[in-house]
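Asks: Here it is, the structure in full.
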Amino acid sequence: TQRTLVLLKPDAVRRGLTGEIISRIERKAGWQITALELRSLDHDTLEQHYGEHKGKPFYEPLMEFMASGPVVALIVEGERVIEGVRKLAGPTDPIAAEPGSIRGDFGVIVRENLIHASDSEESAEREVKIFFPGRA
Ligand code: GTP
Ligand code: MG
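Following full-length UniProt numbering, the numbering of the sequence shown begins with 2 at its first residue and continues without gaps.
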């Protein structure tokens, strides 16, 4: 089985959507939440997490947004969970996301798209280490 690192972004916490999003993850048969924490992210943590985007035009606004309030960090484990949570989330841009997906149902603009989910096994292991070092 796989594990993936999920962040419910500050917009999800501010808008009171964390329960709804967590429910969608929990409803999926065979998936298990194995870590969950509400926390504020400092600049170092965010830089480790989103370092691949450094230098892109959206990087600084993204960092500012991600530090604008607490996030909920989770580890989710299960069969093909990496691909599965990305599918539940929908495409990065909410305008392109289908109704029924998290971003399609609740997303407004591309920067504030409610949820992060690891995009590969390699990213998942890297990101789990950043947010839950004890679980590496
Ligand atoms: P994450 O799960 O958050 O990593 O999203 P993703 O994998 O769907 O997208 P990506 O890693 O390419 O980008 C990371 C985050 O940067 C996105 O979730 C958006 O919040 C933001 N972002 C990506 N592309 C753009 C863009 O073109 N404009 C703006 N303003 N923000 C962007
Ligand atoms: Mg990404």
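Built from N, CA and C at the ideal position, the CB exists for glycine as well.
Apart from the five residues just before and just after D94, which ones in its own chain have a Cβ nearer than 7 Å to its Cβ?
Replies: Counting only Cβ-Cβ distances below 7 Å, and skipping sequence neighbours, we find V111.
Asks: For P92, which of R15, A125, F107, E78 has the nearest alpha-carbon?
Replies: Checking every option, the nearest Cα to that of P92 belongs to F107.
Asks: Reducing DSSP to helix, strand and coil, say where V129 ends up.
Replies: If DSSP states are grouped into helix, strand and coil, V129 belongs with the helices.
Asks: For H117 and V7, which I take to be in contact (beta-carbon distance under 8 Å), what is that distance rounded to the nearest angstrom?
Replies: Contact flag correct, Cβ pair sits at about 7 Å.
Asks: Is E99 near ligand 1, going by C-beta to nearest heavy atom under 8 Å?
Replies: False, no ligand heavy atom lies under 8 Å from that Cβ.
Asks: Mark L89 as exposed unless 16 or more other C-beta atoms lie within 10 angstroms of its C-beta, in which case mark it buried.
Replies: Looking at its Cβ environment, which holds 16 or more other Cβ atoms inside 10 Å, L89 is buried.
Asks: Anyone know if the C-beta pair for P71 and S41 falls short of 9 Å?
Replies: Result yes, Cβ atoms of P71 and S41 sit closer than 9 Å.
Asks: Cβ of G79 within 9 Å of Cβ of G31?
Replies: Cβ distance < 9 Å, so G79 and G31 count as in contact.
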